[in-house]
Structure formats: structure tokens, C-alpha cells
Amino acid sequence: MRAVASFSRGEGIVWRSVSRRLREVHAVLAFTVVTDKPDLITLFIKPGWPTMRRTGIRGGGPRGRMLVKPDGGHELREWVENEALAVYRPGDAHSVWLYWGAIDHDFRGWYVNLEEPWHRTAIGFDSRDNLLDIVIAPDLSSWQWKDEDELAWAVETGRHRSDEAATFRVEGERVIQRLRRREPPFDQPWPDWRPDPAWSAPVLPPAWKDYVQARLTETRLRASRYPLTDRGRRGRGAQ
Ligand SMILES: [Mg+2]
């Protein structure tokens, strides 16, 4: 596997929602990298691009769409409806998404996905979706929580502790403060951004489903970023 400290513009990568405790891969999205810098990562996805979600018995939660009994498998699905740009500041426990209609390219609005801080892997980034979201009007004039009821269900059924759920909400409130103050990314003309029309659907690499394999390579990538230290410890050519 190629050793990289960052991904290139136009490169296909995999963003995964994983359980670090259980070492399980939950949801998977294929994106094209737009920016991968120490202080900013932006990723693009459009309808037809591959995603994976866990299979099993659904029907849980207030709207019956939560997975109640996973069977260990995944199913291939496609991203639908909107083109989206995910804007992430490394270290944050959320990403800010922008949505455009796939046909008319009209800007539809902003969306805050609360999630665990991202970890770089060999194939992309790992995080964990934290259920609660915020929907923000296209002109930033209003906002509302989304899926509070599903988070409440997740606490009631022991999927999240109540103190964990409280931290998700605190992070959301932090984003709302940023929105009110028009701090990044809400100070930038992101709605005017357009993707490169040459970008095509990324192919999911085999490691998408393997929690350990993607993370082990992450360790190797880290080591390769500091070759002098690495050589000093192991001796030249030890690998
Ligand atoms: Mg979410």
C-alpha cells in the first residue's frame, strides 16, 4: 500500500462510521477528496456513488428506521438526491455539509453531522456518527435540531449513555455559536463551490469492511511520515 501523509485532490477515499470499542464497521461512504490539509479536509459525494450500510432487522426508533438486530453483513447502496461537500476541521466532533440538487445544482442548505473526531486510515477516515444532527437554512438565517428523537431512543435502549448524548448536544451548541458568529466554515462562500465535472464514482477498496486492516495500515503510514526516526529505531533496511 502506498504510504501517504495526505490524500490528493480527486482521489477516491472511504469515510467510515466505526465502533472502536467493538472494532466494527458500520456505515461506509465513498468520497472524492477535494482538500486534505492539516487544518481543513473537504470531501465530495454525488448520487450514484457507493455507500454501505449494515444489514439485519430494522424497525427500531421513533420512525422505525434504526437497526435493532445487525446480522454482521452490509449491503451496497447508492448516495441519492443531492450532491454534497463535507467540510471538516481536524479535531472537531462534527462536520458541516453543504447540499446542492443533483439536477439543478441549486443550493439546498447546510447540515451539521455530529460525529467522533476523524482518524486517518490507509483508505480514508474513520469516525462514528453520533445520531444527532442540525439542519441550517441556505442563508444561515435559521437552524433546527434533527433526529433528537432517535438519539433519545438510542439512550433509552442502552446504545448510548445519557452523558455521551449530552456531549453530542454540547458539540452541537458549539456549532450553533459558531454559526451565530459566522465563524468558519460559515464565513466562506462555500455555497458557490462547484465540483470538478471530471470526477467519477470512487471504487470501494476491499479494506472498506475490515476494521483492523485499515487501521493497521494507518500505523504504518504514521511511521513512514517520520523516516529518520523510523530508521534510527529499527535500523536501515529492517523492513
Ligand atoms: Mg448524523
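Under this note's numbering, the residue at position 99 of the sequence shown is numbered 263, and the numbers go up by one with no gaps. For each residue, glycine too, the CB sits at the ideal point set by N, CA and C.
At a cut-off of 7 Å, is Leu295 close to ligand 1 when judged by its beta-carbon and the heavy atoms of the ligand?
-> In the sequence shown, residue 295 corresponds to position 131, counting from 1. Result yes, Cβ under 7 Å from ligand 1.
Might you give, ordered along the chain, the residues of its own chain that have their beta carbon closer than 7 Å to the beta carbon of Glu188, omitting 5 neighbours on each side?
-> Position 24 of the sequence shown holds residue 188. Closer than 7 Å at the Cβ level, and outside the excluded window around Glu188, lie Val182, Tyr375.
Beta-carbon proximity list for Pro371, same chain, < 7 Å, skipping 5 on both sides = Residue mapping note: residue 371 aligns to position 207 of the sequence shown, counting from 1. Contrary to the premise, residue 371 reads as Ala rather than Pro in this sequence. Here the set comprises Ala286, Ile287, Gln377, Ala378.
Would you tell me roughly how many angstroms separate the C-alpha atoms of Trp179 and Val232, rounded to the nearest one?
-> Reading the sequence shown from its first residue, position 15 is the one you call residue 179. Reading the sequence shown from its first residue, position 68 is the one you call residue 232. For the pair Trp179 and Val232, the Cα-to-Cα distance works out to about 23 Å.
beta-carbon Asn277 near ligand 1 non-hydrogen atom, thresh 7 Å | To locate residue 277, count along the sequence shown from 1; it is residue 113. Relative to ligand 1, the nearest heavy atom lies less than 7 Å away from the CB of Asn277.
DSSP-derived helix/strand/coil call for Trp261 = In the sequence shown, counting from the first residue as 1, residue 261 sits at position 97. Correct three-state label for Trp261: strand.
Kindly indicate the opening and closing residues of the beta strand (DSSP E) around Ala194.
-> Along the sequence shown, read from residue 1 onward, the residue named residue 194 stands at position 30. Residues 188-201.
Counted within 10 angstroms of its Cβ, other Cβ atoms place Leu278 as buried (16 or more) or exposed = Taking the first residue of the sequence shown as position 1, residue 278 is located at position 114. If you draw a 10 Å sphere on the C-beta of Leu278, you find 16 or more other C-beta atoms in it, and that means buried.
Mapping DSSP to helix, strand and coil, what is Gly176?
-> Counted from its first residue, the sequence shown places residue 176 at position 12. Looking at Gly176 - three-state DSSP - the assignment turns out to be strand.
Grab me the residues of Trp282's own chain with a C-beta within less than 6 Å of its C-beta, minus the 5 sequence neighbours each way, in chain order.
-> Taking the first residue of the sequence shown as position 1, residue 282 is located at position 118. Only Phe289, Ser291 meet the Cβ criterion.
Check Arg344 in the structure and name its three-state DSSP category.
-> Position 180 of the sequence shown, counting from 1, holds the residue named residue 344. Secondary structure at Arg344: helix, using DSSP grouped into helix, strand and coil.
Ignore the nearest five residues each way along the sequence and tell me which others in Asp190's own chain have a CB closer than 7 Å to its CB.
-> Against the sequence shown, residue 190 aligns to sequence position 26. According to the sequence provided, residue 190 is His. The question's Asp does not apply to it. The beta carbon of His190 lies closer than 7 Å to those of Ser181, Val182, Ser183, Arg218 in the same chain, with the five residues before and after it left out.
Outcome for Ala330 when other beta-carbon atoms lying within 10 angstroms are tallied against a minimum of 16 = Indexing the sequence shown from 1 puts residue 330 at position 166. With fewer than 16 Cβ atoms within 10 Å of its Cβ, Ala330 is classed as exposed.
Counting Cβ pairs, one atom from each stretch, are 3 or more of them under 8 Å apart for the segment 189-204 and the segment 353-369?
-> Flag = yes, the segment 189-204 and the segment 353-369 touch.
Whose CA, out of Pro359, Ile205, Glu242, Ala169, lies closest to the CA of Pro348?
-> Residue mapping note: residue 348 aligns to position 184 of the sequence shown, counting from 1. Nearest of Pro359, Ile205, Glu242, Ala169 to Pro348, Cα basis: Ile205.
Would you decide whether His238 is buried or exposed? Buried here means 16 or more other CB atoms lie within 10 Å of its CB.
-> Sequence index remark: in the sequence shown, residue 238 carries index 74 (1-based). When all chains shown are included, His238 counts as buried.
Mark Gln403 as exposed unless 16 or more other C-beta atoms lie within 10 angstroms of its C-beta, in which case mark it buried.
-> Indexing the sequence shown from 1 puts residue 403 at position 239. Legend: pLDDT at Gln403 = 30, less than 50; position of this residue unreliable, value from coordinates given subsequently. Classification of Gln403: exposed, given that the 10 Å Cβ count is below 16.
Near Val339, what residues of its chain come up, given a Cβ to Cβ distance below 7 Å and the 5 sequence neighbours on each side ignored?
-> Start at 1 with the first residue of the sequence shown, and residue 339 comes out as number 175. Here the set comprises His258, Val276, Ile298.
Would Gly174 pass as a contact of Asp311 if the rule is Cβ separation under 8 Å?
-> The residue labelled residue 174 in the question sits at position 10 within the sequence shown. The residue labelled residue 311 in the question sits at position 147 within the sequence shown. Contact: no.
With contact counted as at least three CB pairs below 8 Å, one residue from each stretch, are the segment 235-253 and the segment 206-215 in contact?
-> With the cut-off at 8 Å, the segment 235-253 and the segment 206-215 touch.
Around the Cβ of Ala167, are there at least 16 other Cβ atoms within 10 angstroms (buried) or fewer (exposed)?
-> For the purposes of this step, residue 167 is identified with residue 3 of the sequence shown, where counting begins at 1. Per-residue confidence for Ala167 stands at a pLDDT of 46, beneath the threshold of 50, marking its modelled position as unreliable; the derived number appears in the next sentence. Under this definition Ala167 is an exposed residue.
Roughly how many angstroms lie between the CA atoms of Gly224 and Met230, to the nearest whole one?
-> On the sequence shown, position 60 is the one that residue 224 refers to. On the sequence shown, position 66 is the one that residue 230 refers to. Answer to the nearest angstrom: the Cα atoms are 5 Å apart.
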